[in-house]
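Q: Before we start, here is the structure in question, set down as structure tokens.
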Amino acid sequence: MEKQKAPVQKNEMLTLTFEDLTHEGDGVGKLNGYPIFVPYALPDEQAKVKIIKVKKNFAIGKLIEVEHASPNRVEPPCNVYYQCGGCQLQHMSYTMQIDMKRTQVTNSLKKIGHIDNVPVHPTIGMDDPWRYRNKVQIPVAAKNGELITGFYRKRSHDIIEDMDRCIINSEVNDRMVEAVRSIADRLGIPAYDEKSHRGVLRHIMLRTGEMTNETMIVIVTRTNELPNKKALIQELKDTYPNVKSIMQNINSQRTNVILGKETKLLWGDAYIHDKIGDLTFAISAKSFYQVNPPQTKKLYDKALEYAQLTGKETVIDAYCGIGTISLSLAQQAKKVYGVEIVPEAIADAKENAKRNHIDNAEFFVGQAEKVMPWWTAQGLQPDVIVVDPPRKGCDEALLEAMLAMKPERIVYVSCNPSTLARDLRILEDGGYETKQVQPVDMFPQTNHVECVVELVRKLSN
């Protein structure tokens, strides 16, 4: 039987009309039913396209010229948007972005979880979807004898040289990256060269407290020694009074991973602080802390709403991190148990509980899927389980442990609609009903979306 050929060839030029978006935000056009995916194209547009990759079931095209533009097309305000790839949606109106994210969640639930009768509410967006990130990690290189900083070009490790700002990053962090770069350059601190695995300065990481304006500088080096360390510290702390912490992270490995295992305090405190609502959190160099605090408050408020706490409940918070959700829950619950595999995070969570005078939250180091069955054996019966896993979703053993505990409610916070849908299918098959889903736009201008989901145990279970 003759193999059916694709209706297009590589390097072919054609005019295409777009009708949909992929979950990543690429435009979808069809030629006799054959889908062609084109980055930066929008539905209701007609454009000239060059085919750059051909597969049996689809092709990928490059947008050459928009002949008929969508009313949702906007001019990206970032001068390196099409080079960088850190953002994927700046060419799209913000209204369309948040609608797309809701559709992404709905489609994942339907196609992966086979869940299509659940309300997916309109995405909670931002009034001002720019300058929201409180953390930046930016690579350093050398060119013509000078240090340069900037994000990598798409699919490369070449730094974009004419990048003097990042408009989803906080202005404070933008200024501080430039300050560290220029001071280090003046002091002759050499950049790391990943090809030769020589040099010193690999990355500059900045964290800023949204509500406190406290800033942490983390200088990531290949070497234990940091040349002209004293002069660098002195100039930074003299020039920028908001700097509360200067850290050095040592990463001596040939790796794309940014941070190494060892972090040491060079000056100031090992933590900065930030507030979510009326709670204060200490944030260390390696702490997981949401990068968009105003949206985090909306996310956590929704999680609390779905938990329906009255003050009598026992709650488990799996993947509790430094206790951000746990302590919010503890304000309305009888008792909260947090579990997290990272020992430093649990140490931070305990300190954060003390800092906020919360004594009804306990924190434990370990894998949630192993700790929770042990809790069950000890007689612990939670009324509510809150889970906020990484992008890969919940471990299957954790889902089984949750089902075995039979809480009345589960609140699932997710940053990946695909793994969320997969896990919801397992929880539904285990006796739970998905009641509602609330997408929250934690990362405007990108194709990522966060969700909060309310599940309730069926009476027959």
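If you read the sequence shown in this note's numbering, its first letter stands for residue 11, the second for the next number, and so on. Virtual Cβ for every residue (Gly too), placed ideally from N, Cα, C.
Is the region 233 to 250 close to the region 212 to 219, with three or more CB pairs under 8 Å?
A: Taking 8 Å as the limit for Cβ pairs, the verdict is that the region 212 to 219 does not touch the region 233 to 250.
Q: Below 8 Å on the Cβ atoms is my guess for Gly219 versus Asp284; work out the distance and round it to an integer in Å.
A: Locating residue 219 in the sequence shown gives position 209, counting from the first residue. Locating residue 284 in the sequence shown gives position 274, counting from the first residue. Correct: roughly 4 Å between the Cβ atoms.
Q: I'd like to know whether the C-beta atoms of Leu216 and Met186 end up nearer to each other than 7 Å.
A: The sequence position of residue 216 within the sequence shown is 206, counting from 1. The sequence position of residue 186 within the sequence shown is 176, counting from 1. Going by C-beta atoms, Leu216 is nearer than 7 Å to Met186.
Q: Please determine if the region 303 to 322 and the region 415 to 424 are in contact, where contact requires at least 3 C-beta pairs separated by less than 8 Å.
A: Touching, yes.
Q: Go through its chain and collect everything with a Cβ distance to Leu41's Cβ below 6 Å, but skip five positions before and after it.
A: The residue labelled residue 41 in the question sits at position 31 within the sequence shown. Excluding positions up to five away in sequence, the list reads Pro17.
Q: I'd like to know if Ile108 contacts chain D, where contact means its C-beta is closer than 7 Å to some C-beta of that chain.
A: Absent from the structure is chain D; it holds one protein chain and no more.
Q: Where Lys308 and Val130 are concerned, what is the direct C-alpha to C-alpha distance, given to the nearest angstrom?
A: Locating residue 308 in the sequence shown gives position 298, counting from the first residue. Locating residue 130 in the sequence shown gives position 120, counting from the first residue. Lys308 and Val130: Cα-Cα distance of roughly 16 Å.
Q: Using the Cα positions of Asp451 and Pro132, report the straight-line distance between them to the nearest angstrom.
A: Residue numbering aside, residue 451 sits at position 441 when the sequence shown is read from its first letter. Residue numbering aside, residue 132 sits at position 122 when the sequence shown is read from its first letter. Between Asp451 and Pro132, the C-alpha separation is close to 10 Å.
Q: Taking all protein chains shown into account, decide if Lys145 is buried (16 or more other Cβ within 10 angstroms of its Cβ) or exposed.
A: Start at 1 with the first residue of the sequence shown, and residue 145 comes out as number 135. The residue in question, Lys145, is buried, as its Cβ has 16 or more Cβ neighbours within 10 Å.
Q: Under 8 Å, with one C-beta from each stretch per pair, do the region 165 to 175 and the region 133 to 141 reach the 3-pair mark?
A: Judged by Cβ distances under 8 Å, the region 165 to 175 makes no contact with the region 133 to 141, as fewer than three pairs qualify.
Q: Is it the case that the region 361 to 381 contacts the region 298 to 305, given that we only count it when at least three CB pairs across the two stretches are under 8 Å?
A: Contact between the region 298 to 305 and the region 361 to 381 is absent, because fewer than three Cβ pairs lie under 8 Å.
Q: Are the Cβ atoms of Ile148 and Thr159 separated by less than 7 Å?
A: For this step, residue 148 is matched to residue 138 along the sequence shown. For this step, residue 159 is matched to residue 149 along the sequence shown. In contact: Ile148 and Thr159 (Cβ atoms closer than 7 Å).
Q: Where does the unbroken beta strand (DSSP E) through Asn259 begin, and where does it stop?
A: Counting from 1 along the sequence shown, the entry for residue 259 is found at position 249. Taken as a continuous stretch (DSSP letters only), the beta strand (DSSP E) holding Asn259 covers 253 to 260.
Q: Can you list, in chain order, the stretches of the alpha helix (DSSP H) that have 4 or more residues and sit fully within the region 133 to 220?
A: Runs of the alpha helix (DSSP H) inside the region 133 to 220: 181 to 196.
Q: Give me the residue from Thr334, Lys468, Asn366 with the minimum Cα distance to Asp442.
A: Here residue 442 refers to the residue found at position 432 when the sequence shown is read from its first residue. At residue 442 the sequence reads Tyr, which differs from the Asp that was named. Comparing Cα-Cα distances from Tyr442 to each of Thr334, Lys468, Asn366, the minimum goes to Lys468.
Q: Between which two residues does the alpha helix (DSSP H) holding Glu379 run?
A: Counting from one through the sequence shown, the residue named residue 379 turns up at place 369. Start and end: 378 to 387.
Q: Taking the alpha carbon of Lys364 as the point to measure from, which residue in Asp405, Gln391, Ile332, Pro53 has its own alpha carbon closest?
A: If you number the sequence shown from 1, residue 364 lands on position 354. It is Ile332.
Q: Could you check whether Glu323 and Val394 sit closer than 7 Å to each other, using their CB atoms as the reference points?
A: As a first step, residue 394 must be located in the sequence shown, where it is residue number 384. As a first step, residue 323 must be located in the sequence shown, where it is residue number 313. Against a cut-off of 7 Å, the Cβ pair of Glu323 and Val394 comes out as a contact.
Q: List the whole-angstrom C-beta distance separating Pro255 from Met226, where the pair is believed to meet the contact cut-off of C-beta under 8 Å.
A: Numbered from its first residue, the sequence shown carries residue 255 at position 245. Numbered from its first residue, the sequence shown carries residue 226 at position 216. The residue you asked about is not Pro; residue 255 is Ser in the sequence shown. Indeed, because the Cβ distance is near 4 Å, the residues count as touching under 8 Å.
Q: For Met412, does the count of other Cβ atoms within 10 angstroms reach 16, so buried, or fall short, so exposed?
A: Within the sequence shown, the letter at position 402 stands for residue 412. Met412 comes out buried.
Q: Could you spell out where the beta strand (DSSP E) holding Ser424 opens and where it closes?
A: Indexing the sequence shown from 1 puts residue 424 at position 414. Here the beta strand (DSSP E) through Ser424 covers 419 to 424.
Q: Do Ser80 and Asp109 have their CB atoms nearer than 7 Å?
A: Taking the sequence shown and counting its residues from 1, one reaches residue 80 at position 70. Taking the sequence shown and counting its residues from 1, one reaches residue 109 at position 99. It is not a contact, given that the beta carbons lie outside the stated cut-off.
Q: Does DSSP put Leu337 in a helix, a strand or coil?
A: Counted from its first residue, the sequence shown places residue 337 at position 327. DSSP places Leu337 in helix when its eight states are reduced to three.
Q: For the beta strand (DSSP E) holding Thr444, just list the boundary residues, first then last.
A: Counting from 1 along the sequence shown, the entry for residue 444 is found at position 434. It spans 442 to 450 - the beta strand (DSSP E) in which Thr444 sits, taken as one unbroken run.
Q: Between Gln19 and Cys461, what straight-line distance do the alpha-carbon atoms span, to the nearest angstrom?
A: Translated into the one-based positions of the sequence shown, residue 19 becomes position 9. Translated into the one-based positions of the sequence shown, residue 461 becomes position 451. Near 40 Å, if we compare the C-alpha coordinates of Cys461 and Gln19.
Q: Given Lys111, which residues of its chain have a CB within under 7 Å of its CB, disregarding the five upstream and five downstream residues?
A: In the sequence shown, residue 111 corresponds to position 101, counting from 1. If we look at Lys111 and ignore the five residues flanking it on each side, its Cβ neighbours are Thr133, Pro449, Asp451, Val459.
Q: Would Val228 and Ala328 qualify as a contact pair, given that the criterion is a beta-carbon distance under 7 Å?
A: Locating residue 228 in the sequence shown gives position 218, counting from the first residue. Locating residue 328 in the sequence shown gives position 318, counting from the first residue. Not in contact: Val228 and Ala328 (Cβ atoms no closer than 7 Å).
Q: Any idea what DSSP makes of Lys40, helix, strand or coil?
A: Counted from its first residue, the sequence shown places residue 40 at position 30. Here Lys40 sits in strand by DSSP.
Q: Is the beta carbon of Glu418 sitting closer than 7 Å to the one on Lys445?
A: As a first step, residue 418 is located in the sequence shown; it is residue number 408 there, counting from the start. As a first step, residue 445 is located in the sequence shown; it is residue number 435 there, counting from the start. No, they are not a contact pair.
Q: Alpha carbons only, please: which of Ser166, Asp168, Lys239 is nearest the one belonging to Thr200?
A: Here residue 200 refers to the residue found at position 190 of the sequence shown. Before going further, note that residue 200 is Pro rather than Thr in the sequence given. Comparing Cα-Cα distances from Pro200 to each of Ser166, Asp168, Lys239, the minimum goes to Lys239.
Q: Helix, strand or coil for Glu22 per DSSP?
A: Residue numbering aside, residue 22 sits at position 12 when the sequence shown is read from its first letter. In this structure, Glu22 counts as coil in the three-state DSSP scheme.
Q: Looking only at C-alpha atoms, which of Leu119, Pro303, Asn259 sits nearest to Glu438?
A: Within the sequence shown, residue 438 is the residue found at index 428, counting from 1. With distances taken between Cα atoms, Glu438 lies closest to Leu119.
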